[in-house]
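Input: a single structure, listed below in structure tokens.
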Amino acid sequence: MPQTVRTIQLGERTIILVGTAHISKESIEEAKETIRREQPQRVCVEIDMGRYQSIRQDSRWQDLDIIKVLKEGKGFLLLANLALAGFQKRLGANLGTKPGEEMLAAIQTAEELGVPWSPIDRDVQITLKRAWAKSNLWNKSKLLASLIESAFSREKLSEDDLEKLKEGTELEQMMNEMAKFLPSVKEVLIDERDRYLATKIFLCTEQNIVAVVGAGHMNGIELWLEKLARGEAAADVSDIESLPKSGWFAKSAGWLIPLLIVALIVIGFFRSGTQASLAMILRWVLLNGSLSALGATLCLAHPVTILASFALAPLATLNPLLAIGLFSAIIEAYFRKPTVRDAETLADDVMSIKGFYKNRITHILLVFFLSSIGGMIGNFIALPVLASRAIG
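Counted from 1, the sequence shown has number 167 at position 168 by numbering that gives the first Met the number 0; the numbering is strictly sequential.
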């Protein structure tokens, strides 16, 4: 058998893992051939139903309401999805494949043979939310930087490169690098999903199963299957199917900066009088508003959006329930409303910086993020400035 096909014997049960690279032609053929050769009683596929529907429906972006997404606090999830989709699609385009095509091929082959199949992956939204929630501020910044880099990377891979990535030594090196760079993300994307995938496979009652999974999960899945078979682990993944609970500090952190700003201005008033406190307010408004407006300007936002970002940023800062980025995005959407064509070309536009700016959906998303980041940076700069005026 090929190196990326592994047979695991659990008593009378036989589970065959097919390790794939998600944009590899050889993976597509290998998945189909293995299913036809083994004639299993069930095929398990590393996909969730949401992703399955998205891959099957090319018009999935046409129903996207960008403002609704931002209001629901799912802007990061959308950005992550678009960045990853663009990266995989660009790599796949070089090789003549589409992301996830080997999973669809496995499903199609199972259906042709009359074999039942099961989606065994955790919902991608839960995975991304957990990765974000479990990351500290520094890791969040590195994660965003990695997503942006992948979105606009010009990296090209050959089929030989992909086959090397499925080898144990190459994969182990990649996993070790991820563990060092983003340990919390590696835990959620790899370790948790190893356990999740293995548990879903184990819970299938058939004696002969073929599971088509990413090659990077094969070792972890095998370890968890053996633990489950020996009774060393419970076949329950409910603890990793929801978001980790936020502590009191995380819940109150959004109010910390507004309270500090107000406190410093009040201290300045009592120490130096009305004129000094007004000067402090003016400095804070200029720093906070101008950097938020700068963020909108970098997105080539509408002039009214830029002015609104400047004027509304200080008000939004004082109330964490309000988001300056959301205000800016709503105003931008009013003047540059996304069209049906923007939805139709979204999957292609995310493959380049020019496309991100040209497409009105991603353009609004950029306005949301950069105006928010600008206002946040303005606050961090303003705090020591205000402190020196209040205490000095």
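We put the beta carbon where it would ideally sit given N, CA and C, even for glycine.
Short check: CB of residue i to CB of residue j, under 7 Å?
i      : j      : result
GLY74  : PHE309 : no
ALA104 : LYS199 : no
SER291 : ALA307 : no
ILE208 : PRO39  : yes
LEU345 : ILE360 : yes
VAL4   : ARG50  : no
GLU331 : ILE280 : no
LEU385 : LEU263 : yes
ALA132 : LEU202 : no
TRP452 : ILE106 : What is shown of the chain runs 0 to 391, which leaves residue 452 out entirely.
ARG129 : VAL187 : yes
ILE323 : ALA315 : yes
VAL339 : LEU81  : no
ILE34  : THR108 : yes
GLU224 : ILE7   : Looking at the sequence shown, residue 224 is not Glu but Leu. Contact flag set, yes.
ARG335 : GLU205 : no
LEU325 : PRO257 : no
ALA214 : GLY18  : yes
Mark residue i as exposed unless 16 or more other C-beta atoms lie within 10 angstroms of its C-beta, in which case mark it buried.
i      : result
GLY10  : exposed
ARG229 : exposed
ALA233 : exposed
LEU255 : exposed
SER404 : The structure shown has nothing for residue 404, since the chain only spans 0 to 391.
SER327 : buried
MET48  : exposed
ILE260 : buried
PRO1   : The predicted model places PRO1 with a pLDDT of 46, which falls under 50 and marks its position as unreliable, so this point remains unresolved.
PRO302 : exposed
GLU71  : exposed
LYS67  : exposed
ASP64  : exposed
TYR333 : exposed
LEU365 : buried
THR168 : Low per-residue confidence applies at THR168: pLDDT is 45, beneath 50, and the placement is therefore not dependable enough to give any value.
ARG270 : exposed
ARG121 : buried
SER237 : exposed
DSSP three-state call for residue i: helix, strand or coil?
i      : result
ALA300 : coil
THR344 : coil
SER58  : Residue confidence is low: SER58 scores 48 on pLDDT, short of 50, so the model does not pin down where it sits. Its coordinate-derived value is still stated next. The answer is coil: DSSP assigns SER58 none of H, G, I, E or B.
ILE397 : Beyond the ends of the chain as shown, which are 0 and 391, falls residue 397; an answer cannot be given.
THR338 : coil
THR33  : helix
ASN135 : coil
ASP64  : coil
SER351 : coil
ASP235 : coil
ASN358 : coil
ALA389 : helix
THR316 : helix
LEU242 : coil
THR126 : helix
GLY72  : coil
GLN107 : helix
GLN52  : helix
THR204 : coil
LEU272 : Sequence inspection shows Gly at residue 272; the Leu mentioned does not correspond to that position. DSSP places GLY272 in coil when its eight states are reduced to three.
THR198 : helix
GLY230 : coil
GLY288 : helix
GLY373 : helix
GLY113 : coil
Let me check one thing: in DSSP terms, what residues is residue i bridge-paired to?
i      : result
PRO118 : VAL44
GLN8   : THR13
ALA210 : LEU16, CYS43
Just to check my reading of the structure: residue i and residue j have Cβ atoms closer than 8 Å, yes? What is that Cβ distance to the nearest angstrom?
i      : j      : result
GLU45  : ILE119 : 6 Å
ARG388 : ALA275 : 7 Å
Using a Cβ-Cβ distance cut-off of 7 Å, determine whether residue i contacts chain C.
i      : result
LEU112 : Judged by its chain identifiers, the structure shown contains no chain C, having just a single protein chain.
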